[in-house]
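K.L.:
Residue numbers (our numbering): 39 to 405. Just so you know, even glycine gets a beta-carbon here, dropped at the ideal spot from N, CA and C.
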Amino acid sequence: MNRRQLIKQAGFATAAFAMSRDLFAANTSVFTQSTFIDEWIYLGSNENPHGPSKAAREAMSKALLSTNRYQWKESAKLISALAQPHRLTDKNILLGAGSSELLGLTTLFASFKKGNIIAPDPTFRLWTTAAQHMGLQIKWIPLTEEKDTDLTAMHSAIDSDTSMVYLCNPNNPTGIPIPDQELRDFIKAVPSHVIVLMDEAYTEFEDIPSTVPLIDEFPNLVIAKTFSKIYGLAGARIGYLLGNEKIIESLGNLQPWQNAGPSAVSVAAALASLQDQDFVTYCKTENAKNRAIYHQGLADLGLRHTPSTTSFSYFDTANYPGNFVATLEQNKIMGARSFEENSTWMRLSIGTTEEMKQVVSALKAGS
Ligand SMILES: Cc1ncc(COP(=O)(O)O)c(C=O)c1O
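#1: Which of the three DSSP states, helix, strand or coil, is assigned to His-193?
#2: Can you tell me whether Lys-226 is buried or exposed, with buried defined as 16 or more other CB within 10 angstroms of its CB?
#3: Between Asp-186 and ligand 3, is there a pair consisting of the residue's CB and a ligand heavy atom that are separated by less than 6 Å?
#4: Assign Gln-109 to one of two classes, buried (16 or more other C-beta atoms within 10 Å of its C-beta) or exposed (fewer than that).
#5: For ligand 1, I want to know if Asp-159 counts as a neighbour, meaning its beta carbon is within less than 6 Å of at least one of the ligand's heavy atoms.
#6: Apart from the five residues just before and just after Ala-168, which ones in its own chain have a Cβ nearer than 7 Å to its Cβ?
#7: Considering only residues of the same chain and omitting the five flanking positions on each side of Leu-205, which have a CB-CB separation below 6 Å?
#8: Would Phe-353 be called buried (16 or more neighbouring beta carbons within 10 Å of its own) or exposed?
#9: Could you tell me whether the Cβ atoms of Ile-253 and Leu-259 are closer together than 7 Å?
#10: Give me whichever residues DSSP pairs with Lys-177 in a beta bridge.
#11: For Phe-350, which of helix, strand or coil comes out of DSSP?
#12: Are the CB atoms of Ser-346 and Asn-325 nearer to each other than 7 Å?
#13: Taking 6 Å as the cut-off, does the CB of Gly-389 come closer than this to any heavy atom belonging to ligand 1?
#14: Does the distance between the C-beta of Asn-207 and the nearest non-hydrogen atom of ligand 1 fall short of 6 Å?
#15: Looking only at its chain, what residues have a beta carbon closer than 6 Å to the beta carbon of Ala-64, apart from the 5 residues adjacent to it on each side?
#16: Return the chain-ordered list of same chain residues with a C-beta closer than 7 Å to the C-beta of Pro-215, the five sequence neighbours on each side being excluded.
#17: Less than 6 Å separating the Cβ of Asn-297 from some heavy atom of ligand 1?
#18: What number of angstroms, rounded off, separates the C-alpha of Glu-139 from the C-alpha of Val-303?
#19: Below 7 Å between beta carbons: does that hold for Gly-389 and Leu-81?
#20: Please go through the region 88 to 151 and give each complete beta strand (DSSP E) segment of 3 or more residues, from N-terminal end onward.
#21: Considering Cα atoms alone, identify which of Asn-380, Gln-122, Ala-364, Glu-379 is closest to Gly-373.
#22: Would you kindly check if the distance between the Cβ of Lys-129 and the Cβ of Asn-154 is under 7 Å?
#23: Let's see if you can read the secondary structure: which residues bound the beta strand (DSSP E) around Lys-263?
#24: When DSSP labels each residue in this structure, what does Val-232 get in the three-state scheme?
#25: With a threshold of 6 Å (Cβ to nearest heavy atom), would Asp-354 be considered close to ligand 1?
#26: Verify whether the separation of the beta carbon atoms of Pro-300 and Ile-331 is less than 7 Å.
#27: Tell me which same chain residues have a C-beta within less than 7 Å of the C-beta of Gly-281, skipping the five on either side of it?
#28: What do you reckon, are the CB atoms on Phe-243 and Ala-308 nearer than 7 Å?
#29: Have a look at His-333 and Lys-395 and give me their C-alpha separation to the nearest angstrom.
#30: How should Ser-201 be labelled, buried or exposed, when 16 other C-beta atoms within 10 angstroms of its C-beta is the threshold for buried?
#31: Kindly indicate the opening and closing residues of the alpha helix (DSSP H) around Ser-201.
#32: What's the call for Thr-66, buried or exposed, on a 16-neighbour Cβ count within 10 Å?
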């Protein structure tokens, strides 16, 4: 091992120690530092800077002790806890190691019919490379001028070869939700042989209506949700699908071991997080406050932004006098990036109050 590797390993060991100290600190109610590994501020992956909640951390540390056993009982408890509030049954839920695994699984199911998938552009694309490898063609439908999801164009793009429509609500990277009635009308108009995959990773930040109540009416509707965002458990890797019994059964049959993706530790964290609604309220309030700090900073600089309802901001850097990304990186702030070709629009995740103040002052000093 050379000197650089040694230093790197020592750095990670120190960081791991600092993290485990935090995990077990009884009186720390929220994480205040999202930058525990080094002094950089990371605002690129829409991670929750406040999570996991104290309740989740305690549940995880307790669950560590029983990781010699499989997590059947706890997973079953979690599935029931996810089903009950919606008056659904356990057969309407499928667990996965993060919602991206389940977006991939639904795409795999869609690929049995081959054909095409319809998706907005830009949107969350993590699952799309796998979709193309499975032989599916993706028909990208540009957003409107106002950066809204163009449901009319998406509906017109459906043909007899369409196997799935993907919608992200609110959309990533714009943060804009689809008006509820328009969304319902759209789902109704999609032919029943076409799967509608709704990605609802960010609905909780502003109580955007979920499509879960439509499950009974539309057997082709599959909804993906995650514990990565509002609950601050991105690294724990736990998400779930909701849908009609039949489609959930078909999707579950594609998992080598149904519902066994998330570890006992992650399942315990998810269960505890569901009980801790004070933490959810805290994250919502902080996110809205810190997004407003950033949006005020953008307005002071003459930069426009979309009306985001999420834990990230989408904004136009065209009027920024310097190099936007370089200015942030010179100030050890990572994460601003573009999602559209040849576009000046960028996305930045919302961090803590201190972080967003640092972002704004760096941008102002660099302008
Ligand atoms: C819209 C959207 N869906 C899904 C995911 C994936 O989340 P998970 O961590 O549950 O895989 C993300 C992550 O950023 C996302 O932005």
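P.N.:
Working from what's here:
#1: Secondary structure of His-193 (DSSP, three-state): helix.
#2: By the 16-neighbour rule on beta-carbons within 10 angstroms, Lys-226 is exposed.
#3: Ligand 3 is not part of the structure shown, which contains ligand 1 as its ligands.
#4: When all chains shown are included, Gln-109 counts as buried.
#5: Not so, every heavy atom of ligand 1 lies at least 6 Å from the Cβ.
#6: Around Ala-168: Gly-142, Thr-145.
#7: Closer than 6 Å at Cβ, skipping near neighbours: Met-236.
#8: Flag for Phe-353 reads buried.
#9: Yes, the Cβ-Cβ distance between Ile-253 and Leu-259 is below 7 Å.
#10: Lys-177 has Ile-156 as its beta-bridge partners, per DSSP.
#11: DSSP places Phe-350 in strand when its eight states are reduced to three.
#12: Going by beta carbons, Ser-346 and Asn-325 fall outside the 7 Å limit.
#13: Checking the Cβ of Gly-389 against ligand 1 gives no.
#14: No, since every heavy atom of ligand 1 falls outside the 6 Å radius drawn around the Cβ of Asn-207.
#15: Confidence is the limiting factor: at Ala-64 the pLDDT is only 35, short of 50, which leaves the residue's position unreliable, though a coordinate-based value still follows. Scanning its chain for C-beta atoms nearer than 6 Å, with the 5 sequence neighbours on each side dropped, one finds no residue around Ala-64.
#16: Cβ neighbours of Pro-215 beyond the five flanking positions: Asn-207, Pro-208, Ile-246, Thr-347.
#17: Because no heavy atom of ligand 1 lies under 6 Å away, the Cβ of Asn-297 does not count as near it: no.
#18: Whole-angstrom Cα-Cα distance: 18 Å.
#19: It is a contact, given that the beta carbons lie within the stated cut-off.
#20: The qualifying runs are 131 to 134.
#21: Residue Ala-364 is the option with its Cα nearest to Gly-373.
#22: Remark: C-beta atoms of Asn-154 and Lys-129 do not approach each other more closely than 7 Å.
#23: Element bounds for Lys-263: 259 to 264.
#24: The answer is coil: DSSP assigns Val-232 none of H, G, I, E or B.
#25: Incorrect: Asp-354 has no Cβ contact closer than 6 Å to ligand 1.
#26: Taking 7 Å as the Cβ cut-off, Pro-300 and Ile-331 do not qualify as a contacting pair.
#27: Only Asn-130, Ile-253, Leu-259, Val-260, Ile-261 meet the Cβ criterion.
#28: Between Phe-243 and Ala-308, the C-beta spacing is not below 7 Å.
#29: In a straight line, the C-alpha of His-333 is about 11 Å away from that of Lys-395.
#30: Of the residues assessed, Ser-201 falls on the buried side of the cut-off, its CB having 16 or more other CB atoms within 10 angstroms.
#31: Not the alpha helix (DSSP H): Ser-201 falls in the beta strand (DSSP E), residues 200 to 206.
#32: With a pLDDT of only 41 at Thr-66, under 50, the local geometry of the prediction cannot be trusted, and the value read off the model is given with reservation. Classification of Thr-66: exposed, given that the 10 Å Cβ count is below 16.
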